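To keep things clear, I will list the structure first and then write my remarks on it.
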Amino acid sequence: DGGITQSPKYLFRKEGQNVTLSCEQNLNHDAMYWYRQDPGQGLRLIYYSQIVNDFQKGDIAEGYSVSREKKESFPLTVTSAQKNPTAFYLCASTTREGFSGNTIYFGEGSWLTVV
Amino acid sequence: SQKIEQNSEALNIQEGKTATLTCNYTNYSPAYLQWYRQDPGRGPVFLLLIRENEKEKRKERLKVTFDTTLKQSLFHITASQPADSATYLCALPNSGGYQKVTFGIGTKLQVIP
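Residue numbers (our numbering), protein chains in the order written: chain A, 3 to 117; chain B, 17 to 129.
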């Protein structure tokens with residue numbers, strides 16, 4: 003089945019550590035996104051990529067980094083510079099042709115907790 | 017930048033009744049608006065899209081309206097069922113380009129048997 007796979011589902015990070023969240027899609031979508039979701043807040047955009055080897059900062063990019071070496075993959079690294087990383091992280095994708103109104107497909111999310 | 021307002025308080029309704037959720041936005045006129053459903057601990061799932069030139073859109077028991085004058089969308093679930101209990105998010109493309117989409121915080125719907 004086509005879809006977006008995020009891993010791991012649950013991740014614990016120690017203070018000062020970098021961690022990487024994996025996101026793979028087999029929908030042949032050009033555009034991929036990372037959102038962060040906190041209780042009482044909407045989805046906030048961290049980074050997005052419209053094409054391989056290109057990506058842009060979203061609204062809350064500080065303390066995060068991404069890469070887009072393959073069309074199918076868009077991993078997110080939460081660095082030690084991110085002071086409040088505990089959250090639910092969602093990866094998403096959509097087609098690039100005529101962005102207007104394209105459905106956004108989401109993965110099942112990854113829970114990151116700082117211990 | 018645009019602002020999206022959804023009633024952050026939970027909406028509790030009796031099974032069989034019609035649930036109505038509201039999404040208000042400010043600052044610009046989007047070409048379309050989307051509604052998503054999110055279950056606890058899961059990613060959102062697309063439900064409906066309505067364009068600025070459409071007044072109403074239906075899909076099975078779901079109905080969405082889009083009033084560009086009021087800058088408001090209403091999302092209705094008729095004959096609601098306990099399985100409809102979830103958080104419903106509205107989403108708009110960012111002004112100045114459609115590469116980014118902004119989501120509201122969502123309204124949690126609880127359908128009581």
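Beta carbons: idealized from backbone N, C-alpha and C, even for Gly. Source: prediction; values computed, not measured.
Asked, Found
"Residues bridged to residue 103 of chain B [DSSP beta-bridge criterion]", "B:54 and B:124"
"Proximal residues, the segment 41–52 of chain A versus chain B, C-beta separation under 9 angstroms", "42, 43, 44, 45, 46, 47, 50 and 52"
"Contact with chain B by residue 81 of chain A, beta-carbon distance below 7 angstroms", "no"
"Beta carbon proximity, residue 114 of chain A to chain B, threshold 7 angstroms", "no"
"Backbone secondary structure at residue 14 of chain B - three-state DSSP", "No answer is possible for residue 14 of chain B: the residues shown for chain B start at 17 and end at 129."
"Nearest neighbour of residue 89 of chain A, chosen from A:31, A:109 and A:113 [CA to CA]", "A:113"
"Expected contact under 8 angstroms - CB spacing of residue 8 of chain A and residue 23 of chain A to nearest Å", "7 angstroms"
"Rounded C-alpha distance that separates residue 57 of chain A from residue 120 of chain B", "24 angstroms"
"Buried versus exposed, by CB contacts within 10 Å (16 or more), residue 45 of chain B", "exposed"
"CB contact check: residue 105 of chain A to chain B, cutoff 7 angstroms", "yes"
"Nearest-angstrom Cβ-Cβ length linking residue 37 of chain B and residue 123 of chain B, presumed shorter than 8 angstroms", "5 angstroms"
"Straight-line gap, residue 10 of chain A to residue 49 of chain B (C-alpha atoms, nearest Å)", "31 angstroms"
"Amino acids of chain A, ordered along the chain, whose beta-carbon sits closer than 8 angstroms to that of residue 75 of chain B", "Within chain A, no residue comes near residue 75 of chain B; the closest Cβ sits about 13 angstroms away, beyond 8 angstroms."
"Limits of the beta strand (DSSP E) - the one that residue 77 of chain B falls within", "Neither: residue 77 of chain B is in no beta strand (DSSP E) and is coded neither H nor E."
"Cross-strand partners of residue 83 of chain B (DSSP beta bridge)", "B:88"
"Residue 132 of chain B and residue 56 of chain B closer than 7 angstroms at C-beta", "The first residue shown for chain B is 17 and the last is 129, placing residue 132 of chain B beyond what the model contains."
"Residues in the segment 32–64 of chain B having any Cβ partner in chain A nearer than 9 angstroms", "47, 48, 50, 52, 54, 57, 58, 59, 60, 61 and 62"
"Short CB-CB distance (under 7 angstroms) between residue 121 of chain B and chain A", "yes"
"Members of the segment 75–109 of chain B that neighbour chain D once the beta carbon cut-off is set at 9 angstroms", "The question asks about chain D, but that chain is absent: this structure's protein chains are A and B."
"Where residue 108 of chain A meets chain B, residues with beta-carbon distance less than 9 angstroms", "52, 54, 58, 59, 60, 61 and 62"
"Positions along the segment 55–77 of chain A whose CB lies within less than 9 angstroms of some CB in chain B", "58, 60 and 61"
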